[in-house]
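Student:
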Amino acid sequence: MDSINRQLVEQLFAPLRVTFSPRRPDGGIVLSLLDADDVTAYSRVLSSAQRDDAQAFAQSLEEIRLELAVRSGNIPAEMRKALKEQNSVLNYHVD
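Per this note's numbering, residue 345 is the first one in the sequence shown, and the count goes up by one each step.
Shown next, in the form of structure tokens:
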């Protein structure tokens, strides 16, 4: 966990507060995102491989950001476009 740029992770998920658990017996850690009331809004286990490899760690953070965006209904435009091109998403028009 020494190689994690904590400040970058905190900026990435602001206004949520980022916490990391101590290293688990399997080498992984738990990344938790807490709201203003210190209630866990999201948590995810990052394996030792994800934690120790900068590229894998960055990919994990992007996956978390995407999952949070989907949960909140804020799917990034490029993802919507890709899904529409794959005919995975039906267009609904509300009048």
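Ideal placement from N, C-alpha and C gives every residue a C-beta, glycine not left out. Because the structure is a prediction, the values reported are computed rather than measured.
What are the boundary residues of the alpha helix (DSSP H) that includes S391?
Tutor: In the DSSP annotation of this structure, S391 is not part of any alpha helix (DSSP H), being labelled neither H nor E.
Student: Going by DSSP, what residues sit across from I373 in a beta bridge?
Tutor: Note: I373 sits in a beta bridge opposite L390.
Student: Just reading off the alpha helix (DSSP H) that V362 is part of, what are its end residues?
Tutor: Not the alpha helix (DSSP H): V362 falls in the beta strand (DSSP E), residues R361 to F364.
Student: Short check: CB of S387 to CB of G371, under 7 Å?
Tutor: Going by C-beta atoms, S387 is not nearer than 7 Å to G371.
Student: Could you check if Q355 is buried or exposed, using at least 16 other CB atoms within 10 Å of its CB as the buried criterion?
Tutor: exposed
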